[in-house]
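>
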Amino acid sequence: MKKWTSIFPALAAMALTVVFVWYIERPAVPKQATWDDVVAEAKAGGYRIISTTELADRYRTSPTAVTMVDTRQDWEFRTGHIEGAVNFPMEPTAWARWRRAGDLEKFLGADKDHLLVFY
Amino acid sequence: MAVTLGYKNVYRDPYGFPKWQEQGLPIRSIPAGLTSSAATPAGPQDDPSFKGWGMLWTLLGIFAGGLALNLTPCVYPMIPITVSFFGGRSAGDKPGQLGLVLHGLCYLLGLALTNSTLGVVAALTGGLMGSLLQSPLVLALVAGVLVLFATSLFGFWELRLPGGMSQMAGKSYTGYFGSFFMGLTLGIVAAPCIGPFVLGLLTWVAGMGNPWFGFLIFFVLSLGLGLPLFVLALFSGQLQRLPRAGGWMLWVRKLMGWVLVGMAIHFLRPVLPDFLKILLPVTVALTAGLHLGWFDKNEANFRAFSWLKALTGTACLVMATLWITSAVMQGPGIVWHPYSEQILREAKTQGKPLIIDFYADWCTPCRELEEVTFHQPDVVGLAGKNFTMVKVDVTKGGNPYHEELLKNYGVKGVPTLVFIDAEGQERTDLRLVDYLPAEQFLQRMRSITPPGK
Numbered sequence: 002m003k004k005w006t007s008i009f010p011a012l013a014a015m016a017l018t019v020v021f022v023w024y025i026e027r028p029a030v031p032k033q034a035t036w037d038d039v040v041a042e043a044k045a046g047g048y049r050i051i052s053t054t055e056l057a058d059r060y061r062t063s064p065t066a067v068t069m070v071d072t073r074q075d076w077e078f079r080t081g082h083i084e085g086a087v088n089f090p091m092e093p094t095a096w097a098r099w100r101r102a103g104d105l106e107k108f109l110g111a112d113k114d115h116l117l118v119f120y
Numbered sequence: 006m007a008v009t010l011g012y013k014n015v016y017r018d019p020y021g022f023p024k025w026q027e028q029g030l031p032i033r034s035i036p037a038g039l040t041s042s043a044a045t046p047a048g049p050q051d052d053p054s055f056k057g058w059g060m061l062w063t064l065l066g067i068f069a070g071g072l073a074l075n076l077t078p079c080v081y082p083m084i085p086i087t088v089s090f091f092g093g094r095s096a097g098d099k100p101g102q103l104g105l106v107l108h109g110l111c112y113l114l115g116l117a118l119t120n121s122t123l124g125v126v127a128a129l130t131g132g133l134m135g136s137l138l139q140s141p142l143v144l145a146l147v148a149g150v151l152v153l154f155a156t157s158l159f160g161f162w163e164l165r166l167p168g169g170m171s172q173m174a175g176k177s178y179t180g181y182f183g184s185f186f187m188g189l190t191l192g193i194v195a196a197p198c199i200g201p202f203v204l205g206l207l208t209w210v211a212g213m214g215n216p217w218f219g220f221l222i223f224f225v226l227s228l229g230l231g232l233p234l235f236v237l238a239l240f241s242g243q244l245q246r247l248p249r250a251g252g253w254m255l256w257v258r259k260l261m262g263w264v265l266v267g268m269a270i271h272f273l274r275p276v277l278p279d280f281l282k283i284l285l286p287v288t289v290a291l292t293a294g295l296h297l298g299w300f301d302k303n304e305a306n307f308r309a310f311s312w313l314k315a316l317t318g319t320a321c322l323v324m325a326t327l328w329i330t331s332a333v334m335q336g337p338g339i340v341w342h343p344y345s346e347q348i349l350r351e352a353k354t355q356g357k358p359l360i361i362d363f364y365a366d367w368c369t370p371c372r373e374l375e376e377v378t379f380h381q382p383d384v385v386g387l388a389g390k391n392f393t394m395v396k397v398d399v400t401k402g403g404n405p406y407h408e409e410l411l412k413n414y415g416v417k418g419v420p421t422l423v424f425i426d427a428e429g430q431e432r433t434d435l436r437l438v439d440y441l442p443a444e445q446f447l448q449r450m451r452s453i454t455p456p457g458k
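Chains as they are written, first to last, in the working numbering: chain A, 2 to 120; chain B, 6 to 458.
(1) Below 8 Å on the Cβ atoms is my contact criterion, and I expect B/F223 with B/N75 to pass it. Report the Cβ-Cβ distance as a whole number of Å.
(2) Would you mind giving the Cβ-Cβ distance between B/A128 and B/G71, rounded to the nearest angstrom? I have them listed as a contact below 8 Å.
(3) Given this structure, state the Cα-to-Cα distance separating B/G149 from B/F159, to the nearest angstrom.
(4) Thinking C-alpha only, which one of B/N404, B/A145, B/L61 and B/W217 is nearest B/V126?
(5) Can you have a look at B/D51 and say buried or exposed, based on whether 16 or more other CB atoms are within 10 angstroms of its CB?
(6) By DSSP, does B/H380 sit in helix, in strand, or in coil?
(7) Report the three-state DSSP secondary structure of B/P343 (helix, strand or coil).
(8) For B/S345, count neighbouring Cβ atoms within 10 angstroms of its own Cβ and tell me buried if that reaches 16, exposed if not.
(9) Assuming B/K314 contacts B/D301 (C-beta within less than 8 Å), just tell me the rounded distance between them.
(10) Is there a Cβ from chain B that is less than 8 Å from the Cβ of A/A14?
(11) Use the C-beta contact count for B/K412: other C-beta atoms within 10 angstroms, 16 or more gives buried, fewer gives exposed.
(12) Identify every run of the beta strand (DSSP E) within the region 216–288 of chain B, keeping only runs that are complete inside it and at least 3 residues long; order them along the chain.
(13) For A/T94, which three-state DSSP category applies?
(14) So B/T421 is in the beta strand (DSSP E); what residue range does that whole segment cover?
(15) Which same chain residues, not among the five before or five after A/I50, have their C-beta less than 8 Å away from its C-beta?
(16) Would you kindly report the start and end of the unbroken beta strand (DSSP E) that includes B/Y16?
(17) Which residues does DSSP list as the beta-bridge partners of B/D398?
(18) Output needed for B/M450: all residues of its chain with C-beta closer than 6 Å, excluding positions within five of it in sequence on either side, in chain order.
(19) State the Cα-Cα distance for the pair B/P19 and A/T18, rounded to the nearest angstrom.
(20) Using a threshold of 8 Å, state whether the C-beta atoms of B/A309 and B/Y112 are closer than that.
(21) Enumerate in chain order the residues of its own chain whose CB-to-CB distance from A/H82 is below 6 Å, with the five nearest sequence positions on each side excluded.
(22) Does B/K390 pass the burial test, meaning 16 or more other C-beta atoms within 10 Å, or should it be called exposed?
(23) Could you list which residues in chain B have their beta carbon closer than 8 Å to that of A/D58, in chain order?
(24) By alpha-carbon positions, which one of B/I199, B/G66 and B/M60 ends up nearest to B/A117?
(25) I need the straight-line Cα distance from B/L435 to B/G183, nearest angstrom please.
(26) Taking Cβ-Cβ distances shorter than 9 Å, what residues in chain B pair up with A/D104?
(27) Can you list, in chain order, the residues of its chain whose CB lies under 7 Å from that of A/F1, leaving out five sequence neighbours each side?
(28) Applying the criterion that 16 or more other CB atoms from any shown protein chain within 10 Å of the CB defines a buried residue, is B/F185 buried or exposed?
(29) CB B/A365 to CB B/V419, shorter than 8 Å?
(30) Would you say the region 259–267 of chain B touches the region 225–236 of chain B, given that touching needs at least three Cβ pairs under 8 Å?
(31) Following the continuous alpha helix (DSSP H) through A/T54, name the residue where it begins and the one where it ends.
(32) By how many angstroms is the C-alpha of B/E375 removed from the C-alpha of B/P23?
(33) If I measure Cβ to Cβ from B/L359 and keep anything under 6 Å in the same chain, skipping five residues before and after, which residues do I get?
(34) Could you check if B/P31 is buried or exposed, using at least 16 other CB atoms within 10 Å of its CB as the buried criterion?
(35) Taking Cβ-Cβ distances below 7 Å as the criterion, which residues of the region 308–335 of chain B are in contact with chain A?
(36) Out of curiosity, what's the CA-to-CA distance linking B/G294 and B/L316?
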């Protein structure tokens, strides 16, 4: 029976489906980012890290010299944010970065030397 | 990202807002409801989609929706009937080309009229139209008819109009009324089948409470639905003379038959006992896959056909596997409380927002919400922590307490989800009357989550 040979790929596809569903739906604990991860990410992205204390110091000396950008979702921003911060919601995905690059440039303005702090 | 745009002084504060808040530095929050659109729901007369050009676009959209309904198997049974009715007629007394068009139009009109009645009834009763359309008896009937047509497609019997009836169509019903009547009858057959697909539309129409709009909307919908049949009617005379295109046609008929069986089960699911809800669709998909892919003996004169068969079979088998694995893997869902005044008072004293879900087994979006959105881990987590979740099950009508609740909350149909904030006020701008994916549902939940929780 020649036509029955195609049942083997079908069975393989079924097995693959089981694995796939298991992989998608398995209970996963979100990984907590360590300090090293944060530093490595900053290096890759070409930006620097600022501590909350330092940010607070700069903020106290001159609130207008620093632009604080809140990248969380707007509902998070609404329930509480640093006074003076502006909201620019971003999902941490490459797609969002690519799609919203132009918006961000408009949002931040033309002054490229201004102190920007993202959080 | 700002770096690539050329900004020089870019910093990141990895601890962000929580630490800032912890150190007692100045913060600010915007009270909920200020920025979000807190507009009261507009009546149908104020709705921009019913003025001038807006009206035209709405109707065009609905027409397109009607065309799309042709992708559902509801129309399968209508195809052979249409062909044999019009084919038989044109063989009999050969109305001219213009006559055929007029007959087709009458047929379309009859079809549209039945469905429009549905819209008018929905608008007038304003009640739970779905429950009427989806009572277990009607569901079983529709499923029975679908399976009957499926057996015909499998080749157990040949579907054609009874001799007497086509005689009548050819002789005594020669008038355009005959075609009109035919459309009317078919509309009655199709309406319960289309019902679930347009349940959202029904609820919408019912909410407007305007019979004229109800009629118009469903009339346009059925024009879209009937257009391909109309075209089919015009050409059915020629269609009969087409030669049989070989074994693959028979295979396609069997495929359509299985789709109909699947449909029948989809309709029956709400009234099935729990273990059959999964078991029956899986069994059907497995059987269909093996039959279409491997047991079927039809051959065709082109090579791709054997590939097509194997692929279809595999797709069915994979679908069955997907369902059964998902069912096994599905995590815990939301814990629902039955509605009671006490639960409402407790939620208020605890400062918890409340969600009331008006639910029914027979409503597809309700079940989708329950099976997908309310099993999503984030939704379940947030609901368990900060919310009181209340469900009012209106599957069986006639409970006076439920009737009163429906009236008090102004519920026009199911699903309706009522969001009540921590102060006990309903947020009408959040009210939900359709399926919503988990991601968007979470946003609605968060917008009434009290700050700091």
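The C-beta atom is built at its ideal place from N, Cα and C for all residues, glycine as well.
On the basis of the coordinates in this document:
(1) The count along the second sequence starts at 1 and reaches residue 223 of chain B at position 218. The count along the second sequence starts at 1 and reaches residue 75 of chain B at position 70. About 16 Å separates the beta carbons of B/F223 and B/N75, which is beyond the 8 Å limit, so they are not a contact pair.
(2) Within the second sequence, residue 128 of chain B is the residue found at index 123, counting from 1. Within the second sequence, residue 71 of chain B is the residue found at index 66, counting from 1. Between B/G71 and B/A128 the Cβ distance is about 18 Å, and since that is not below 8 Å, they are no contact.
(3) Counting from one through the second sequence, the residue named residue 149 of chain B turns up at place 144. Counting from one through the second sequence, the residue named residue 159 of chain B turns up at place 154. The straight-line gap separating the alpha-carbon atoms of B/G149 and B/F159 is approximately 15 Å.
(4) If you number the second sequence from 1, residue 126 of chain B lands on position 121. Here the closest residue by C-alpha is B/W217.
(5) Reading the second sequence from its first residue, position 46 is the one you call residue 51 of chain B. Bear in mind that the predicted position of B/D51 carries a pLDDT of just 47, short of 50, making it unreliable; the figure below should be weighed with that in mind. Burial state of B/D51 is exposed, judged by a 10 Å Cβ sphere holding fewer than 16 other Cβ atoms.
(6) To locate residue 380 of chain B, count along the second sequence from 1; it is residue 375. Here B/H380 sits in helix by DSSP.
(7) The sequence position of residue 343 of chain B within the second sequence is 338, counting from 1. B/P343 falls in the strand class under three-state DSSP.
(8) For the purposes of this step, residue 345 of chain B is taken as the residue at position 340 of the second sequence. Exposed, since its Cβ has fewer than 16 Cβ neighbours within 10 Å.
(9) Residue numbering aside, residue 314 of chain B sits at position 309 when the second sequence is read from its first letter. Residue numbering aside, residue 301 of chain B sits at position 296 when the second sequence is read from its first letter. Contact holds; Cβ gap of about 7 Å.
(10) If you number the first sequence from 1, residue 14 of chain A lands on position 13. Among the residues facing chain B, A/A14 is included, as its CB has a counterpart in that chain under 8 Å away.
(11) Along the second sequence, one-based indexing puts residue 412 of chain B at 407. Exposed: under 16 other Cβ atoms inside 10 Å.
(12) As far as the region 216–288 of chain B is concerned, it has no whole beta strand (DSSP E) run of at least 3 residues.
(13) Against the first sequence, residue 94 of chain A aligns to sequence position 93. Coil at A/T94, not helix or strand.
(14) By one-based count along the second sequence, residue 421 of chain B stands at place 416. Judged by DSSP secondary structure, B/T421 falls within the beta strand (DSSP E) whose first and last residues are T421 to I425.
(15) Within the first sequence, the letter at position 49 stands for residue 50 of chain A. Here the set comprises V39, V40 and A43.
(16) By one-based count along the second sequence, residue 16 of chain B stands at place 11. Where B/Y16 is concerned, the enclosing beta strand (DSSP E) stretches over V15 to R17.
(17) Sequence index remark: in the second sequence, residue 398 of chain B carries index 393 (1-based). Answer is B/Y364, bridged to B/D398.
(18) As a position in the second sequence, residue 450 of chain B is number 445, starting the count at 1. L387.
(19) The residue given as residue 19 of chain B occupies position 14 in the second sequence. The residue given as residue 18 of chain A occupies position 17 in the first sequence. Distance from the CA of B/P19 to the CA of A/T18, rounded to the nearest whole angstrom, comes to 39 Å.
(20) Locating residue 309 of chain B in the second sequence gives position 304, where the first residue counts as 1. Locating residue 112 of chain B in the second sequence gives position 107, where the first residue counts as 1. Going by beta carbons, B/A309 and B/Y112 fall outside the 8 Å limit.
(21) Along the first sequence, read from residue 1 onward, the residue named residue 82 of chain A stands at position 81. Closer than 6 Å at the Cβ level, and outside the excluded window around A/H82, lie D71.
(22) Sequence index remark: in the second sequence, residue 390 of chain B carries index 385 (1-based). By the neighbour-count rule (16 or more Cβ atoms within 10 Å), B/K390 is not buried but exposed.
(23) As a position in the first sequence, residue 58 of chain A is number 57, starting the count at 1. At a C-beta separation below 8 Å, A/D58 has no neighbours in chain B, since its nearest C-beta there lies roughly 11 Å away.
(24) The sequence position of residue 117 of chain B within the second sequence is 112, counting from 1. Closest in C-alpha terms to B/A117, from the list B/I199, B/G66 and B/M60, comes B/I199.
(25) Taking the first residue of the second sequence as position 1, residue 435 of chain B is located at position 430. Taking the first residue of the second sequence as position 1, residue 183 of chain B is located at position 178. So the two alpha carbons sit approximately 49 Å from each other.
(26) For the purposes of this step, residue 104 of chain A is taken as residue 103 along the first sequence, with counting starting at 1. Going along chain B, no residue has its Cβ under 9 Å from A/D104, so there is no contact; the nearest lies around 11 Å.
(27) The structure shown does not extend to residue 1 of chain A, since chain A is modelled only from 2 to 120, so the question has no answer here.
(28) Within the second sequence, numbered from 1, the residue matching residue 185 of chain B stands at position 180. B/F185 should be labelled buried.
(29) Numbered from 1 along the second sequence, position 360 holds the residue referred to as residue 365 of chain B. Numbered from 1 along the second sequence, position 414 holds the residue referred to as residue 419 of chain B. Contact: yes.
(30) Fewer than three Cβ pairs drawn from the region 259–267 of chain B and the region 225–236 of chain B lie within less than 8 Å of each other, which leaves the two stretches out of contact.
(31) For the purposes of this step, residue 54 of chain A is taken as the residue at position 53 of the first sequence. Counting along the chain, the alpha helix (DSSP H) containing A/T54 begins and ends at T53 to T62.
(32) For this step, residue 23 of chain B is matched to residue 18 along the second sequence. For this step, residue 375 of chain B is matched to residue 370 along the second sequence. Between B/P23 and B/E375, the alpha-carbon positions lie close to 34 Å from each other.
(33) Against the second sequence, residue 359 of chain B aligns to sequence position 354. Listed in chain order, the non-local C-beta contacts of B/L359 below 6 Å within the same chain comprise A352, T393 and I425, local neighbours out to five positions each way being set aside.
(34) As a first step, residue 31 of chain B is located in the second sequence; it is residue number 26 there, counting from the start. Label assigned to B/P31: exposed.
(35) Flagged, chain order: S311, A315, G318, T319, L322, V323, T326, L327, T330, S331 and M334.
(36) For the purposes of this step, residue 294 of chain B is identified with residue 289 of the second sequence, where counting begins at 1. For the purposes of this step, residue 316 of chain B is identified with residue 311 of the second sequence, where counting begins at 1. Going from the Cα of B/G294 to the Cα of B/L316 covers about 9 Å.
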